[in-house]
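A.B. asks:
Protein chains in written order, with my numbering: chain A, 342 to 746; chain B, 124 to 285.
(1) By a C-beta neighbour count over all protein chains shown, 10 Å radius and 16 as the cutoff for buried, is residue 380 of chain A buried or exposed?
(2) What three-state label does DSSP hand residue 367 of chain A in the structure shown?
(3) Spatial neighbours of residue 603 of chain A within its chain, please: C-beta separation below 7 Å, excluding the five flanking residues on both sides.
(4) Cβ closer than 8 Å: which chain A residues qualify as neighbours of residue 285 of chain B?
(5) Using only alpha-carbon positions, find the residue among A:547, A:393, A:355 that is nearest to residue 515 of chain A.
(6) Quick check on the DSSP output: what are the complete beta strand (DSSP E) runs of length 3 or more inside the region 225 to 270 of chain B, in order along the chain?
(7) For residue 611 of chain A, which residues does DSSP report across the bridge?
(8) Going by the CB atoms, is the gap between residue 491 of chain A and residue 588 of chain A shorter than 9 Å?
(9) Please list the residues of the region 404 to 437 of chain A that have a C-beta atom closer than 8 Å to any C-beta atom in chain B, keeping them in chain order.
(10) What residue does the beta strand (DSSP E) around residue 361 of chain A start on, and which one ends it?
(11) Scan the region 669 to 708 of chain A and note each continuous beta strand (DSSP E) run of 3 residues or more that stays entirely inside, going in chain order.
(12) Using only the alpha-carbon positions, how far apart do residue 251 of chain B and residue 225 of chain B sit?
(13) From the DSSP output, read off the bridge partner residues of residue 620 of chain A.
(14) What does residue 174 of chain B reach in chain A if we use C-beta pairs closer than 9 Å?
(15) Quick one: what does DSSP say residue 591 of chain A is sitting in, helix, strand or coil?
(16) Out of A:512, A:429, A:459, A:422, which one is the CA nearest neighbour of residue 686 of chain A?
(17) Considering only residues of the same chain and omitting the five flanking positions on each side of residue 448 of chain A, which have a CB-CB separation below 6 Å?
(18) Does the beta carbon of residue 708 of chain A sit closer than 9 Å to a beta carbon anywhere in chain B?
(19) Going along chain C, which residues have a C-beta under 9 Å from residue 695 of chain A?
(20) What do you reckon, are the CB atoms on residue 738 of chain A and residue 621 of chain A nearer than 9 Å?
(21) Please classify residue 745 of chain A: does DSSP put it in a helix, a strand, or coil?
(22) If the cut-off is 8 Å on Cβ atoms, which residues from the region 217 to 229 of chain B count as contacting chain A, listed in chain order?
(23) To the nearest angstrom, how far is it from the Cα of residue 229 of chain B to the Cα of residue 242 of chain B?
(24) Does any residue of chain A bring its CB to less than 9 Å from the CB of residue 279 of chain B?
(25) Got a sec, what are the start and stop residues for the beta strand (DSSP E) residue 334 of chain A sits in?
(26) Please classify residue 746 of chain A: is it buried, with 16 or more other beta-carbons within 10 angstroms of its beta-carbon, or exposed?
(27) By Cβ distance below 6 Å, which residues in the same chain neighbour residue 257 of chain B in space, the five residues on each side in sequence not counted?
(28) Once DSSP output is grouped into helix, strand and coil, what is the label at residue 186 of chain B?
(29) Grab me the residues of residue 616 of chain A's own chain with a C-beta within less than 8 Å of its C-beta, minus the 5 sequence neighbours each way, in chain order.
(30) Excluding the five sequence neighbours on either side, which residues of its own chain have a C-beta within less than 6 Å of the C-beta of residue 786 of chain A, listed in chain order?
(31) Which two residues bound the contiguous beta strand (DSSP E) that contains residue 492 of chain A?
(32) Spell out whether any CB of chain A is found under 9 Å from the CB atom of residue 144 of chain B.
(33) Tell me the residue span of the beta strand (DSSP E) that contains residue 451 of chain A.
(34) Can you grab the Cα-Cα spacing for the pair residue 672 of chain A / residue 663 of chain A, in whole Å?
(35) Can you have a look at residue 501 of chain A and say buried or exposed, based on whether 16 or more other CB atoms are within 10 angstroms of its CB?
(36) Return the bridge partner residues of residue 484 of chain A from the DSSP annotation.
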């Protein structure tokens, strides 16, 4: 009679629970804040440094001397404290942690809002701010409110040219930007067990765009096979038939078509077919939503032998994804088509560098947020799947990937 | 120490205000909190930052959605905001408010205009404005303890010295 959140946190929805944190991570942006706060707290040391990770992804490599100084300070701190450290180029924190570092049932806290991504492993993974991270460094623990849960039942299978990103945009549109605030989402239904880990990560990644605390998948054969590749064994989790959900959504993949979130809200979603022909200045393929190897491969399959008509920035989510793309020839296809490849990390997503838009420019991005001015002051961003992004890169305007596949 | 009750003129803004809008990403790479206060809400309304000192910020639903950046709540605290009141908050923003010692109240159906005097009390969970009294969702004892300490830094300093 319990949801997965209730099982992991050991209390009923609505209660507060003090939990030992199994994995805690931050990045160069939140990490330096957490370090300053930690210094002020005056603790004798980090409680469990072996469970803590500092991962450089946000402005990586450093764009200015000021950023470089902050990087230097945090790098030295991470090294002194005995925490794990991932240097520039290792990848986005969520993807880096997804590469065999998270197990089902763990409590995972990241100092980044998209830490919900790791719910894909059946871990209670959620984001906090810098002070909370410093508190975890000091104590190894944090308090959490046990969330109510919303079930999303998935049936059917995707049509050609449609991706799990389109499903993510569909549920955000259905729930709205705050429709799941304080809640956990659970992905269930007949098709859930067939969705590969890369799709689960994309779907869990975007739950925070509806305000959710985490996006949970019950660990199954897909989880076991995926973690097995990293030499990790994992146990299954079974959904409870009588678990209580505050809301239930049913989505049939069969009826899904390529979608776009239009400027400047993630929950304002329209079919690509309605916006075909909208002129673009830039396409960006990457991020913790859609920068994985499979995303790059889908884009490459559309761009193979073609040339992009607008500047197209591709940023692999991690070094492992980058290396797979190099070894499989995906990267050669992308470069040959005229794409610019950035180092693994967040790229222009947070608006710091590496492909932000100019005033009045219009971009198409595979990221998770299109807030006003976020990826360049005065710019506007549409959000889509990598397939839609690649099809649109060829024409320089919003295009339907089903037309070119 | 943070005072859990107070009075100030309301500054009212809209719903679904994301933390990029509270403090833009281009101002994050500094340790100078004054920079965040100076540029708070710059992309929403460039005049807003100058009106925040001593105010009670009243917003629409889903306040502080988006990025986890704590600089957003630090900017508000540094700019002199006394408390933030909204029908609902994005959960990380809500935690961050508690953690920097910025009183935060969840209050439905608050009728209020710019400049009206608002009195709030986090300990009993009430807001009073225009002769009306509103009940807010209560904070857990732990949240109140952190808030009254002045934030998580002071809370941990206190616990570590015991």
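Every residue gets a Cβ at the ideal spot worked out from N, C-alpha and C, and that includes glycine.
C.D. replies: On the basis of the supplied data:
(1) exposed
(2) Annotated three-state conformation of residue 367 of chain A is strand, per DSSP.
(3) 609, 611, 723
(4) Per Cβ cutoff of 8 Å: no residues; residue 285 of chain B is ~13 Å from chain A at best.
(5) A:547
(6) 227 to 229, 240 to 244, 249 to 252, 255 to 258
(7) A:601
(8) yes
(9) 405, 407, 408, 411
(10) Unbroken beta strand (DSSP E) run through residue 361 of chain A: 357 to 361.
(11) 703 to 706
(12) Note on geometry: alpha-carbon atoms of residue 251 of chain B and residue 225 of chain B lie some 18 Å from one another.
(13) A:738
(14) Within chain A, no residue comes near residue 174 of chain B; the closest Cβ sits about 21 Å away, beyond 9 Å.
(15) In the structure shown, residue 591 of chain A sits in a strand (DSSP, three-state: E or B).
(16) A:429
(17) 360, 362, 363, 465
(18) no
(19) Among the protein chains of the structure shown, namely A and B, there is no chain C.
(20) yes
(21) coil
(22) Across the region 217 to 229 of chain B, CB contacts with chain A closer than 8 Å involve 218, 219, 222, 223, in sequence order along the chain.
(23) 14 Å
(24) Yes, because at least one Cβ of chain A sits closer than 9 Å to the Cβ of residue 279 of chain B.
(25) Because chain A here runs from 342 to 746, residue 334 of chain A falls outside it and cannot be looked at.
(26) exposed
(27) 230, 233, 250
(28) It is a strand residue.
(29) 601, 603, 723, 739
(30) It is not possible to answer for residue 786 of chain A, since the shown part of chain A is limited to 342 through 746.
(31) 490 to 496
(32) For residue 144 of chain B, the answer is yes, since a Cβ of chain A falls inside 9 Å of its Cβ.
(33) 448 to 451
(34) Cα to Cα, the separation comes out at about 8 Å.
(35) Classification of residue 501 of chain A: exposed, given that the 10 Å Cβ count is below 16.
(36) A:359
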